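J.:
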Amino acid sequence: NAGVTQTPKFQVLKTGQSMTLQCAQDMNHNSMYWYRQDPGMGLRLIYYSASEGTTDKGEVPNGYNVSRLNKREFSLRLESAAPSQTSVYFCASRKLAASTDTQYFGPGTRLTVL
Amino acid sequence: AQSVTQLGSHVSVSEGALVLLRCNYSSSVPPYLFWYVQYPNQGLQLLLKYTSAATLVKGINGFEAEFKKSETSFHLTKPSAHMSDAAEYFCAVSGLRGNEKLTFGTGTRLTIIP
């Protein structure tokens, strides 16, 4: 049981390049989330998917798109990377969308945009 | 809307001393509250959560937190700090409705002095 996995672990992009961050979970969870973590700002929600087939914007969605490919996988795409998107990105999942359910986090992707 | 404020971005304690990390919340409805820990270069993992069953919540690694409605606080404590407790700690809040999202505080980095 690997939990939540993310690829790649590290990535360096040039301004304007595109890339997709991959996330997968093997816990049969319904809800999945993408966060970014910046120094002094905690974690901020980018997008989430309450269940397979649905996606919604979070607090900071501009410049990102997501795809809930199936129940296991939830990808985050940067179409035209900007230096402001330099951050650590975390994917998370939880079994239900219920507020009491624990979110489980992946190990993160450290992205640098030059 | 819910929010949390973590007082002190950095806290240092001596090994064996009391750990106290502060979290105050703001919520228009009774909240659910969480503490997560992040070890260096890892994702977040749940320490404990308050879901209204009991005001004193015990978590992993000897940590506990007490929900105080009158003070709108959910401070994290541990009686005796260990070197392995060095990490960043995040308080988070969500509301009661289904599919409520987590809102994180800005984090407190805990350093343990040998």
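Note that the protein sequences, when read in sequence, are chains W and P.
So for the first sequence, this note's numbering puts the first residue at 12; every next one is plus one.
So for the second sequence, this note's numbering puts the first residue at 92; every next one is plus one.
Glycine included, C-beta positions come from ideal geometry on N, C-alpha and C.
This structure is a prediction, so every number in the text was calculated from the model and none was measured.
Show which residues of chain W have a CB atom less than 8 Å away from the CB atom of residue 100 of chain P.
T.: Chain W residues near residue 100 of chain P: 51.
J.: Does any residue of chain W bring its CB to less than 9 Å from the CB of residue 132 of chain P?
T.: Yes, contact with chain W.
J.: Assign residue 40 of chain W to buried or exposed, taking buried as 16 or more other Cβ atoms, counted over all protein chains shown, within 10 Å of its Cβ.
T.: Buried, because 16 or more other Cβ atoms sit within 10 Å of the Cβ of residue 40 of chain W.
J.: Should the stretch 24–37 of chain W be regarded as contacting the stretch 85–98 of chain W, the criterion being three or more beta carbon pairs within less than 8 Å?
T.: The answer is yes - the stretch 85–98 of chain W touches the stretch 24–37 of chain W, with three or more Cβ pairs under 8 Å.
J.: Return the bridge partner residues of residue 116 of chain W from the DSSP annotation.
T.: According to DSSP, which records beta bridges pairwise, residue 116 of chain W is partnered with W:103.
J.: DSSP has residue 82 of chain W in a bridge; who is on the other side?
T.: Partner(s): none; residue 82 of chain W has no beta bridge.
J.: Please list the partners that residue 193 of chain P has in chain W, where partner means a Cβ-to-Cβ separation under 7 Å.
T.: In chain order: 114.
J.: Output yes if chain W places a C-beta closer than 9 Å to the C-beta of residue 116 of chain P; else output no.
T.: Chain W, which has no Cβ nearer than 9 Å to the Cβ of residue 116 of chain P, makes this no.
J.: Among W:53, W:23 and W:44, whose alpha-carbon lies nearest the alpha-carbon of residue 207 of chain P?
T.: This structure cannot settle anything about residue 207 of chain P, because the visible part of chain P is limited to 92 through 205.
J.: Would you say the stretch 107–125 of chain W touches the stretch 123–140 of chain P, given that touching needs at least three Cβ pairs under 8 Å?
T.: At 8 Å Cβ cutoff, the stretches touch.
J.: Please state the DSSP three-state secondary structure of residue 174 of chain P.
T.: Looking at residue 174 of chain P - three-state DSSP - the assignment turns out to be helix.
J.: Within 9 Å of any Cβ in chain W, is that where the Cβ of residue 160 of chain P sits?
T.: Chain W contact via Cβ: absent.
J.: Grouping DSSP H, G and I as helix and E and B as strand, with all else coil, what is residue 96 of chain W?
T.: Three-state result, residue 96 of chain W: helix.
J.: Note down, in chain order, each residue of its chain lying with its Cβ closer than 8 Å to the Cβ of residue 12 of chain W, except the 5 sequence neighbours on either side.
T.: Cβ neighbours of residue 12 of chain W beyond the five flanking positions: 37 and 38.
J.: So residue 81 of chain W packs on residue 63 of chain W, CB below 8 Å; how close in whole Å?
T.: That belief holds up - the Cβ atoms of residue 81 of chain W and residue 63 of chain W are roughly 7 Å apart, short of 8 Å.
J.: Expressed to the nearest angstrom, what Euclidean distance is found between the alpha-carbon atoms of residue 203 of chain P and residue 65 of chain W?
T.: Whole-angstrom Cα-Cα distance: 43 Å.
J.: Going along the chain, which residues of its own chain have a beta-carbon closer than 6 Å to the beta-carbon of residue 105 of chain P, five neighbours each way excluded?
T.: Counting only Cβ-Cβ distances below 6 Å, and skipping sequence neighbours, we find 204.
J.: To the nearest angstrom, how far is it from the Cα of residue 165 of chain P to the Cα of residue 24 of chain W?
T.: Those two C-alpha atoms are separated by around 40 Å.
J.: Whose C-alpha, out of W:60, W:68, W:124 and W:86, is nearest the C-alpha of residue 35 of chain W?
T.: Closest option to residue 35 of chain W, Cα to Cα, is W:86.
J.: Compare the beta carbon distance of residue 77 of chain W and residue 60 of chain W with 9 Å and say whether it is the shorter of the two.
T.: Yes, the pair counts as a contact, with Cβ atoms nearer than the cut-off.
J.: Since residue 117 of chain P and residue 94 of chain P should fall inside the 8 Å C-beta cutoff, what is the C-beta to C-beta distance between them, to a whole number of angstroms?
T.: Indeed they touch by this definition, with Cβ atoms about 5 Å apart.
J.: Measuring CA to CA, which of P:184, P:98 and P:101 is closest to residue 143 of chain P?
T.: Residue 143 of chain P has its Cα closest to that of P:184, out of P:184, P:98 and P:101.
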